[in-house]
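Heads up, the thing below is written out as C-alpha cells.
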Amino acid sequence: MKKKILLITPENEEINRFRKSQFNNFIQITMPYLAAFIDENKYEITLVDEYNQKVPFEEKFNLVAITVNTSNATHCYNISKKFMDKNIKVVMGGPHATLLPEEVKKHCDYIMVGEGEIIWPEFLEDFYKDNVKPEYICEEVPNLKNMPTARRDLIHKRYFTKGAVISSRGCPYNCSYCNLKQIYCEPFRTRPIKEVISEIKTMKSKFFVFWDDNFLPLPKTPVYSKLKEENRLITEDWSYYNGKTRVAFIPKNMRAEELFEGYMWFRREFYSLKSIYKRIRKSKTNILYNLIVNLGYKISLNGTKNNF
C-alpha cells in the first residue's frame with residue numbers, strides 16, 4: 001500500500017511579497033530534486049511551493065518533508081506543529097537543520113543532517129518499512145555524477161521563469177560570512193558538464209538560472225561568531241536573516257538604520273530607469289525579458305520597508 005508524502009518548499013509571507021513583485025521568480029529546485037529519489041510504487045507524492053500554493057493542512061498524509069532555510073525557520077516550525085498536532089509525521093532537512101540540528105529536532109519527528117543524496121533514500125525506505133530512526137546524518141560525500149533529473153512535472157505551473165539547474169556544490173573559498181563550509185564539509189565539486197547540458201535540454205523554458213551555492217551572518221559562520229562576541233547582533237530571530245528586507249546586525253561606524261538606508265539607496269540607483277536603460281542598451285540581448293525583470297525589481301522597492 002502506498003504512503004502519502006507531502007514535500008513543502010516553504011516561504012514566509014514577508015519574503016513572498018518581495019518575490020512576487022519581481023516577476024523573475026525561478027523555481028526552488030531542492031524539493032523537485034529530492035522527489036526524483038522517491039519510489040512511486042511506495043509513495044504518492046504531492047509537492048507544494050508556498051510561492052504560489054497553499055499548504056494543504058486539511059489533507060491527510062503519512063509524512064510531511066520540509067526543507068528549512070535560516071530565514072524561514074520559525075515559519076517552518078509553525079507549519080510542522082500544525083501537522084504534528086494531527087499526528088502526521090514530519091521530517092526536516094536543509095541548511096538550517098544541518099547548522100543547528102539541536103534546535104530543529106525540537107520541531108519535528110525526524111531530522112536529516114547534511115547532504116541528502118545518500119540519507120534521503122535510506123530514510124524513505126526505513127519509513128516505508130516502519131523502521132525509521134529519529135536522526136539521519138550524512139557521513140560520506142555524495143557523488144554528483146548521475147544525479148537524477150529534478151521532477152519538474154510536479155511543479156505548479158504559475159512561474160514566470162521555470163528553469164533552474166544545479167551544476168556544482170560548495171565553494172573553494174572560506175569567506176567569513178558564508179556558511180557553505182559548515183554545510184558542505186568537503187571541497188567544491190562539480191557535476192559532469194554533459195549531464196548538466198542534458199538536463200538543460202529537458203527544460204521548456206528559454207531562460208534559466210544556475211541554482212548553485214551568501215553576505216549574511218548566518219549561524220556557525222566566523223562572522224556570526226565575531227558579531228555575537230562583539231554584541232553586534234540585533235536579534236537571533238531567524239526571520240531577520242533573509243538578506244532582502246531586514247538588517248540583522250549593527251555595522252561598525254554606522255547605525256543599523258543607516259546600513260538599511262544605504263542598501264535601499266543602492267537598489268533605487270541600480271534599478272532606476274536611467275540605469276536599466278543603460279544596461280539593456282549595452283547588452284542588446286533578450287531585451288523584453290530583461291526589461292520586465294528589471295522593472296520587477298524596481299517595483300519591489302515599494303514593498304521593502306524598514307523592519308527594525
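With full-length UniProt numbering, the residue at position 162 of the sequence shown is 162, and numbering never jumps. Cβ coordinates follow ideal geometry from the N, Cα and C atoms, glycine included. In this text, all values refer to a predicted model and were calculated from it rather than measured experimentally.
For TYR151, does the three-state DSSP call read helix, strand or coil? Residue identity differs from the one stated: residue 151 is Arg in this sequence, not Tyr. If DSSP states are grouped into helix, strand and coil, ARG151 belongs with coil.
For the 8 Å Cβ check, are there 3 or more pairs between the region 186-198 and the region 118-137? no
Neighbourhood of TRP211 by C-beta, 6 Å cutoff - its chain only, sequence neighbours within 5 removed: ILE29, ALA164, ILE166
Which term fits ALA36, buried or exposed, when burial requires 16 or more other beta carbons within 10 angstroms of its beta carbon? exposed
Ignoring anything shorter than 4 residues, give me the alpha helix (DSSP H) runs that lie fully in the region 161-248, in order along the chain. 180-183, 193-202, 222-229
In three-state DSSP terms, what is ASP39? coil
Going by the CB atoms, is the gap between CYS76 and ILE66 shorter than 8 Å? yes
Where the beta strand (DSSP E) containing ILE29 begins and where it ends: No beta strand (DSSP E) holds ILE29; DSSP gives it neither H nor E.
Residue span of the beta strand (DSSP E) that contains GLU135, given as start and end: 135-137
Going by DSSP, what residue range makes up the alpha helix (DSSP H) through LYS106? Looking at the DSSP string, LYS106 is not in any alpha helix (DSSP H), and its letter there is neither H nor E.
What separation, rounded to the nearest whole angstrom, lies between the Cα atoms of LEU34 and HIS156? 16 Å
Go ahead and pull the three-state DSSP assignment for LEU99. helix
With a threshold of 16 other CB atoms inside 10 Å of the CB of TYR240, please say whether the residue is buried or exposed. buried
Rank LYS274, THR285, LYS284 by C-alpha distance to the C-alpha of GLU295 and give the top, closest one. In the sequence under discussion, the amino acid at residue 295 is Leu, which differs from the Glu named in the question. Ranking the options by Cα distance to LEU295, first place goes to LYS274.
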